[in-house]
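Taking it in order: structure first as structure tokens, then the write-up.
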Amino acid sequence: LVLSHQMTAERVDALGGSERSASPRGAGSTARTVAVIAGAAVLVVLLLGPLLLPHLGSATRPGRGASSRGDDGSGTSLRATDSLDMTTRPDLDDTVVFTVESDRATFWRGETFDLWDGRRWTRSAPEVDMLGSGGTVRVGDDDLAARGDDVLEQRITIEADYADVVYAAPSAVRVDIDRPVAQRPDGTLVSAALGQGATYTVTSRRVPLSADRLRAVDGGETPDAILAQYAQPPVTTDRVRSLAPTIVEGADTRFDQIEAIQRWMGQRVEYSLDAPLAPEGVDVVDHFLFDAEQGWCEQIASSLVVLARANAIPARLVTGFVPGERDTVTGRWIVRAKQAHAWAEVWFPEVGWVPFDPTADVPLAGQESTGTPLLTWLLEHLVVIVLVVVAVALLVGPVRSWVRRRRGRAKAVAPEVTWATLADRRLAAEGERWAQPRAPSQTAAAHAATLALVAGDPRVVEVGRRIDDALYAPSPPTSDEQAEVDAVLAELAARPVPEPVAGDGAAPVGSSAT
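Okay, structure coming up:
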């Protein structure tokens with residue numbers, strides 16, 4: 019628009035005989051301005067295009083062909099598994115595995131596990147069914163959150179080389195994806211292999227939660243099927259079984275008992291990826307709580323589930339990802355491999371499965387913060403920021419020059435405001451005030467003669483003559499004559515307009531009746 023406006027203005031000036039636009043110097047200046055602005059505009063498009071184009075895509079995309087062995091090493095992070103070994107140390111890096119378009123942050127749930135043997139998690143119901151028609155998820159009887167009124171839409175784009183877990187905010191009720199999707203009884207969704215660039219959308223529902231509500235529903239009934247699957251005494255050691263009830267002593271509700279377990283863990287254990295591994299044949303939770311007192315999120319969350327079940331509280335382990343960092347340019351949540359996470363879900367009457375993240379209460383083992391989120395974002399986008407600043411700097415000079423030229427042209431063609439023009443305007447304003455508006459065809463002298471009669475001031479007639487002389491005569495009024503006109507107009511403006519005199523034969527306002 020800027021370029022078009024400038025070029026059109028140049029052509030108009032040339033047609034009007036403008037010496038400035040017709041000169042070679044003016045044409046060269048315009049050409050340089052056009053070149054600089056066009057170059058800067060191209061640079062801005064190249065920089066911002068990759069950030070904006072993803073928002074213009076469709077709800078689903080197939081992406082590249084899935085690679086079972088990704089070059090970035092992220093394939094295993096998004097691969098479904100039938101078991102989760104607590105003796106394998108996670109190897110996490112900064113690789114982006116997927117991005118999410120969502121108006122709020124939440125855990126991106128992947129898989130759930132309910133069977134614990136002391137060293138690894140598996141599932142009691144490994145069977146799967148294909149997703150219902152239209153991408154509708156069949157909601158289990160235990161998933162009360164899926165019937166909630168709070169709806170969340172998400173659009174996920176895979177950045178890893180391989181993915182088959184459908185990550186989403188709990189509880190997913192509909193999936194729009196161009197791959198077949200299988201559903202496990204626990205709500206886990208697994209698709210045919212997805213490659214980098216694949217996109218799908220998920221609709222989730224949930225129930226609004228608060229500490230007060232979770233305490234209030236404590237008196238509700240927990241179905242026997244849920245207690246049988248998720249609240250039976252866990253496989254663990256005697257000292258863990260003895261410890262569990264002491265931690266929740268004095269806590270009256272299920273929510274307060276879980277909170278007590280999290281506080282206890284936060285005071286006694288630490289988070290560390292370098293924690294010692296449990297020796298062969300040793301219960302991982304026992305080793306973590308009593309010996310190592312350090313561990314990573316899977317061990318911390320597993321301990322919460324085991325301690326909850328030891329207190330007859332239905333709980334299960336969940337794996338997925340934390341929200342990630344939000345890109346302030348695109349608005350997307352950037353999820354990296356290092357943000358893979360595990361947490362616990364506890365079942366409550368009326369609301370269903372509720373996530374609890376004990377790792378959030380566990381301090382880091384001797385680690386310091388690597389910087390604020392703002393600083394991290396600035397460092398990650400430093401190159402783009404610098405290039406945008408350069409592009410803006412390139413635009414400032416040409417745009418400022420163009421604005422100055424436009425202002426110069428406006429001044430060149432604007433009529434000069436002279437004394438005669440101002441005096442003529444003042445005379446017309448007095449005519450309006452005295453109910454004697456000036457006709458379009460009237461000269462200043464003719465208008466002044468009418469106004470002088472109404473105002474009862476013959477000097478106004480001379481005012482009109484001198485204004486016409488200033489506008490049209492070869493010899494304009496002298497400065498003294500102009501001063502006299504200004505004085506008469508000032509006196510006239512200071513006089514109030516009298517009210518009309520009623521009755522037969524009423525004389526004009528301001529005249530002397532006899």
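Residues are numbered in our numbering as their position in the sequence shown, beginning at 1, plus a constant of 18. Note that beta-carbon positions come from the ideal geometry of N, C-alpha and C, so glycine has one too.
TODO: Return the first residue and the last residue of the alpha helix (DSSP H) that W282 is part of.
DONE: R272 to R286
Sort L162, S209 and S260 by Cα distance to S222 and report the nearest one. L162
Can you list the beta strand (DSSP E) stretches of 3 or more residues lying completely in the region 291–349, in chain order?
333–339
Check: Could you check where the alpha helix (DSSP H) with S497 kicks off and where it finishes?
Finding: S497 to A512
As a quick exercise: from R173, D167, D204 and P514, pick the residue whose alpha carbon is nearest that of S142. D204
Enclosing beta strand (DSSP E) for E171 [first to last residue] | D168 to I176
query: For Q460, does the three-state DSSP call read helix, strand or coil?
result: coil
Give the secondary structure of A446 by DSSP, where H, G and I count as helix, E and B as strand, and everything else as coil. helix
For a test of the three-state rule: what should DSSP assign to T113, helix, strand or coil? coil
| Pairwise C-alpha distance: R422 and A488 | 33 Å
### Query
Are the beta-carbon atoms of I276 and F374 separated by less than 9 Å?
yes
So, are the CB atoms of V336 and E129 less than 9 Å apart?
yes
Where F131 and I403 are concerned, what is the direct C-alpha to C-alpha distance, given to the nearest angstrom?
44 Å
So what's A200 in DSSP terms, helix, strand or just coil?
strand
| In this structure, does DSSP put E267 in helix, strand or coil? | coil
Quick check on the DSSP output: the alpha helix (DSSP H) that includes G482 runs from which residue to which?
R477 to Y490
Q. Around the Cβ of V372, are there at least 16 other Cβ atoms within 10 angstroms (buried) or fewer (exposed)?
A. buried
Paired residues, beta bridge with F131 - DSSP:
L335
What are the residues that DSSP puts in a beta bridge with G370? F366
In angstroms with no decimal places, state the Cα-to-Cα distance between E343 and R202.
30 Å
Span separating the alpha-carbon of R197 from that of V118: 19 Å
Exercise for review: Can you check the region 173–254 for any beta strand (DSSP E) of at least 3 residues that lies completely inside it and give the ranges in chain order?
Suggested key: 181–183, 190–194, 199–201, 207–212 and 217–224
In chain order, what residues of the same chain have a beta carbon less than 7 Å from the beta carbon of R484, not counting five sequence neighbours either side?
P495, E499 and V503
V353 classed as buried or exposed, judged by whether at least 16 other C-beta atoms fall within 10 angstroms: buried
task = Please report how far the alpha carbon of R456 lies from the alpha carbon of V408, in whole angstroms.
result = 58 Å
### Query
If V169 and V184 are in contact, beta carbons under 8 Å, what's the gap, nearest whole angstrom?
The Cβ separation is near 18 Å, so there is no contact.
Between G338, R224 and I174, which has its C-alpha nearest A190's C-alpha? R224
| V157, enclosing beta strand (DSSP E) - first and last residue | Looking at the DSSP string, V157 is not in any beta strand (DSSP E), and its letter there is neither H nor E.
| said: Assuming contact is defined by CB atoms lying nearer than 9 Å, are D182 and L149 in contact in what I supplied? | reply: no
query = Whose C-alpha, out of D236, G338 and D301, is nearest the C-alpha of P332?
reply = D236
Q) What residues match up with V12 in a beta bridge as DSSP calls it? A) The requested residue 12 is not part of the displayed model; the chain covers only 19 to 532.
For the beta strand (DSSP E) that contains W139, what are its first and last residues? R138 to T140
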